Every structure is written in structure tokens, then in C-alpha cells.
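Everything below concerns the one structure shown next.
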Amino acid sequence: MGLDTAGSNRIDRGHTEQPPSPPPPPSRMCLYIMLIHFIPLIETTETTTYKKRSTINYLALVHNESIVHKNGNGFSTNLTDLSLLTGSICSNNAKLNDDHHDDGDGQTPTDNNKSLDLPFILDDITLEQLLDIPHWSEELKQVEFKTIEQFENALIQWEDILQQVLECYDYNTFGSYVDFYHSYHKSNSNLTDFILNYQAKITTESMSCVAQSLMLMQCLSTKDNLYGSNFSLVSCEEMIMIMTAAENGEGKSLQTKYQLDAKDNVKEHVLVCLKFHIIDNNRFGYVLLDPGYHISRPIIVMNDCLFPHTGWFNASKNQKVCKDYCYQIINDQYIAWKVRETKIDDPTEVMKQYVNIIYIKKEFIKYASVTEKRACIFSLKSYVIRNRKGAIAGFYSWIEQKNLTIFYEEENGKRITNKFHIKDLDEPNVRLCLEKVATYSKEPKDYESFICLLANYRQSLYDEEFCFDLCEIDKWIEED
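Residues in the sequence shown are numbered from 14 upward in steps of one, following this note's numbering.
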């Protein structure tokens, strides 16, 4: 859903009518054949990385209603404040300092009318009731380029815009989670009922893959007058096909799990997409931009897998694991996003492989009530600071484990990772690591805001019943 730990997913555009759903996905057998066909995934020459600086000035895309948020870099962000079927947008930060927040004494909040029968409640609802029924709108527009050179010139600008968004806006799912918890704590509902009625907010202060992608779309529309308005938000289902090494008495084998045709699939990630046609040689393809996974380059996916098709590239690595990505078109509805994890000390040994599926036929519009709400429930929370090339510092935590992992890069490029328990937040060595992270931030005050944010996050973890129920619901969604 955005944070890639390498061994660890919106600004409303004015849709006011309930659009028709896309055609149902191909049958299991049909997609099984297609997936088996492309599993080798042709390795091709990667595209050239371009660099070119420009200034971003974001403007609202929808109607004339907008609210402006200034960030520390001086860039203005105009967001539309709407509350529609497709979700709601809010410029307010998750409230970190109101009267029911943690005062540092570690006291457990008073329980609401919590459910003692969570498994029975979950048996009586569907995933589409808990989140929402996903909806798409019109088909993606196709942009025509006369020559490959014209297309490559546009790529230079898109890459520059993408990298500035990475650099200017931190990835953050802690803030929206804290807001989610405080709203729950004020309610008199059990957690399941609360989630059923919760309206996830899109904010400039807590930007998941949803807000990151929508901010990027605004920037593209503003900066690229020729093509920028043709980019669309598309949905992604993660890990629909999993292949892991397992001992079976005869050596290692691949075990595969297929979920693509399940009714309750979750669109847990969104990214930005452009469909294009190069007239000179009559070739077709897609451009994918994914700020939610901190990918600093445009990904080009050609129908014929030939230049400028991106091919395999390294997405992230830590001391143990290297994670690589490759993308390939299945048909006019789907792009397969293949992920391969290998050992750092033995790149030939594949530890894990899986496939994500990106739906590219139509624009996704239920990003708040499906994807953003799913991010609130997801057990992993993260804060990531990026530069123009990707993640450089941050911290993340699994709710169930009550841990806190802090990471940052040293001047020599070496990544330092330290693991703590969340109860140790006030310890000097934890504060020192957070100070290191803050040195990469755009805001001088961010060290204090990190402490405040994590203190409020820690307070939610003292609510044992809430955390247990939330993690159980998260597992239920994953396994459904």
C-alpha cells in the first residue's frame, strides 16, 4: 500500500453520479493461462533516466471550490473540498493535540460499546459492505504521439514532475490512522459498525498512495498543458498470485495462489496512468507513475515489450533483501506488476515472487471509500521522507507487534535501521534516531511533530481491544 520495506496502498474529480462498473474480470482459467504465459516476463532494455528541474505550482482540477495548503517548500496545493459518494476530502491535519489525546501517562482509554463477538459479526457482512463497492468511470483517454522522440521529450517533463512530488511530500499513513482512532474513540460503536460508517478523508498532512497520486495528477495537469490532463487514477490489487520457495522433500518448489476472480478483491493501491499511441510505427503502451511506492521514474509498458519498455529494475533493497519490479501488459484491461525478492548475498536465489494486477481500462473513482479506508485498517503504518530518487528516511510500525523501526541514510549512502518497542518512545536513543530522520525533512519543526504523532499512535496501542479487533479485521480482509 505504499511502504516498500524490501522484505516487510485524492482529490475528488467531481463525479456526482454512480458510474457503471467495468466488465467483470476474465475467468480464473482464462487469467491462469495468461499469467502462466507471461511469468518469464521478457527482460528488455530499461529506459533512460532524465533530469530536468522546474517549479511546481499546483492548481485545482475540479470545479471552482478549492482550499490552499502551503507546505514548507513554498509550493501551494489547491484541494477541492467535496463530500461525495466517491469519498471526502479534508485539508485538516489529523488532530494531534485535542483533549482526548495521550498526555504521556500511558493510560488505557475507556472502552466504548465494543463487540465481544467479532467473528460472528464478520460472518454476517461482506467486504463490499465494510469498505465500499468499487466503481470506475470513463475509459482512459489515448494520447497520440507522432514520433518516439516526441514521446521521450514528454517523459523528461513527467519524470521531473514526479520527482518533485516525491521530494516535496512525505508519505504518511500514521496521521490518517490517528484521526481514524480518535473518531472511533469518540463514537459509541463497536469497531465493525464504526468502520461501516466511517468516511475516510484525504488530507495534505497525511498522504498515502491516494493523496500522493492525486497530487501528482494535479501537478501534471498544471505543468504539462499538452498532455497532463490525460493522466488517470487506476486501481491495483496486490499479491493476487504468490510464489514462495518451500521445502517439499525434493528441493524447493513454487506454490501459487490465485485470487483474481474472487468477488471480494480489494483495490488496496492506486497509481497514475497514461495510455498512448506512437503513430510512426503504430505502437501502443502505457506510462505508470507510482509515488505511493516511491518509484522515481516513469514506468513505460509497451504492448510489444520493446524499447522504450522499462523491463526489470531494482525498486528497493536493505541489508538482506533486494526487491525488483517488472511490468507487462496482459490485455487491454490489465497490466501485471511482477515483484521478485532475492538475497543480497546471493542474487540468484529467489526468496519470493508475486504478481500485482493493475486495472487499466477505466479510471478508478472510489479511492476514498475503498483504498484510503483500507489503508486506515491496514496493520502497517509508515512515514517516509523521499528525495528525487526515492526513500531516504522514515519510520514504520506494525500495530500487532507494537514495534517501531526507524531508518535513514548516512552521507555515504549506507542505510541505518534501528528497531525499538513503541513503549520506548521516550528513551534517548529513540529520540536520537528520530532527530536523524528529522534532518532529512523539509520542516525544521518535524522532530517535535514526529514525537507528537508517535505519542498519539502509541496511545491507540494501549487500547488492547481496539488493536486486537482491528488486526483481526485486517486479517479477515487479507484472507477473504
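Using N, Cα and C, we set each Cβ at its ideal position, and we do this for glycine too.
From a predicted model like this one, the values you see are computed outputs, not experimental measurements.
| Check | Outcome |
| --- | --- |
| Considering Cα atoms alone, identify which of Val285, Asp317, Cys318 and Asp293 is closest to Gly305. | Val285 |
| Decide if the segment 243–250 is in contact with the segment 369–378; the criterion is three or more beta carbon pairs, one per stretch, under 8 Å apart. | yes |
| With DSSP as the reference, label Gly324 as helix, strand or coil. | coil |
| Which whole-angstrom value describes the C-beta separation of Val527 and Phe377, a residue pair presumed to lie in contact below a C-beta threshold of 8 Å? | As displayed, the chain neither begins before 14 nor continues past 493, which places residue 527 out of reach and without an answer. |
| Would you please state the rounded distance, in angstroms, between the beta carbons of Lys394 and Phe164? I believe it to be under 8 Å. | About 39 Å; that fails the 8 Å criterion. |
| Would you be able to state if there are at least three C-beta pairs under 8 Å between the segment 188–205 and the segment 346–358? | no |
| Look at the alpha carbon of Glu491 and the alpha carbon of Thr160, and state the distance between them as a whole number of angstroms. | 44 Å |
| Output the distance between the C-alpha atoms of Lys351 and His195, rounded to the nearest integer angstrom. | 37 Å |
| Identify the continuous beta strand (DSSP E) that holds Leu301 and give its terminal residues. | Arg296 to Leu302 |
| Name the residue from Ser454, Val156 and Ser150 whose alpha carbon lies nearest to the alpha carbon of Asn295. | Val156 |
| Which of helix, strand or coil does DSSP assign to Asn442? | helix |
| Within 10 angstroms of its Cβ, does Lys265 collect 16 or more other Cβ (buried), or is it exposed? | Any reading at Lys265 must be qualified, since the residue scores a pLDDT of 44, below 50, and its modelled position is unreliable; the value itself is stated next. So Lys265 counts as exposed. |
| With a threshold of 16 other CB atoms inside 10 Å of the CB of Gly324, please say whether the residue is buried or exposed. | buried |
| Residues in the same chain with beta-carbon distance under 6 Å from Asp303, minus the five sequence neighbours each way, listed in chain order, please. | Leu284 |
| So if DSSP puts Gln155 in a beta bridge, which residue, or which two residues, is it bridged to? | Lys288 |
| Which stretch, first to last residue, makes up the beta strand (DSSP E) that contains Arg353? | Tyr347 to Lys356 |
| Going straight from the alpha carbon of Ala451 to that of Val397, what length do you get? | 11 Å |
| May I have the straight-line CA-CA distance separating Val314 from Ser221, to the nearest angstrom? | 24 Å |
| For Thr217, count the other beta carbons within 10 Å of its own beta carbon; 16 or more makes it buried, fewer makes it exposed. Which is it? | buried |
| Please work out which residues of its chain come closer than 6 Å, Cβ to Cβ, to Val443, disregarding the five sequence neighbours upstream and downstream, and give them in chain order. | Phe433 and Asp437 |
| Would you check if the distance between the CB atom of Asn243 and the CB atom of Lys154 is smaller than 7 Å? | yes |
| On the DSSP letters alone, give me the boundaries of the beta strand (DSSP E) that Glu362 sits inside. | Asp359 to Tyr372 |
| Assuming contact is defined by CB atoms lying nearer than 7 Å, are Thr205 and Ile134 in contact in what I supplied? | yes |
| Confirm, please, whether the CB-CB distance from Glu251 to Asp400 is below 7 Å. | As written in the sequence, residue 400 is Asn, which differs from the Asp given in the question. No, the pair does not count as a contact, with Cβ atoms beyond the cut-off. |
| Expressed to the nearest angstrom, what Euclidean distance is found between the alpha-carbon atoms of Cys465 and Ser309? | 30 Å |
| May I ask which residues mark the beginning and end of the beta strand (DSSP E) holding Gln341? | Val334 to Ile342 |
| So the candidates are Glu281, Lys280 and Asn316; which of them puts its Cα closest to the Cα of Lys288? | Asn316 |
| Name the one or two DSSP bridge partners that His434 has. | Asn416 |
| How is the alpha helix (DSSP H) around Leu233 delimited, first residue to last? | Cys222 to Lys236 |
| Taking the beta carbon of Pro321 as the centre, do at least 16 other beta carbons fall within 10 Å, making it buried, or is it exposed? | buried |
| Given a cut-off of 7 Å on the beta-carbon distance, is the pair Ala213 and Lys386 in contact? | yes |
| Whole-angstrom Cβ separation of Phe479 and Tyr211, contact assumed at under 8 Å? | Incorrect: roughly 14 Å between the Cβ atoms, too far for contact. |
| So Thr430 packs on Asn331, CB below 8 Å; how close in whole Å? | 7 Å |
| Using the Cα positions of Ile343 and Leu209, report the straight-line distance between them to the nearest angstrom. | 34 Å |
| Just to confirm the assignment, what range does the beta strand (DSSP E) spanning Ala404 have? | Gly403 to Trp411 |
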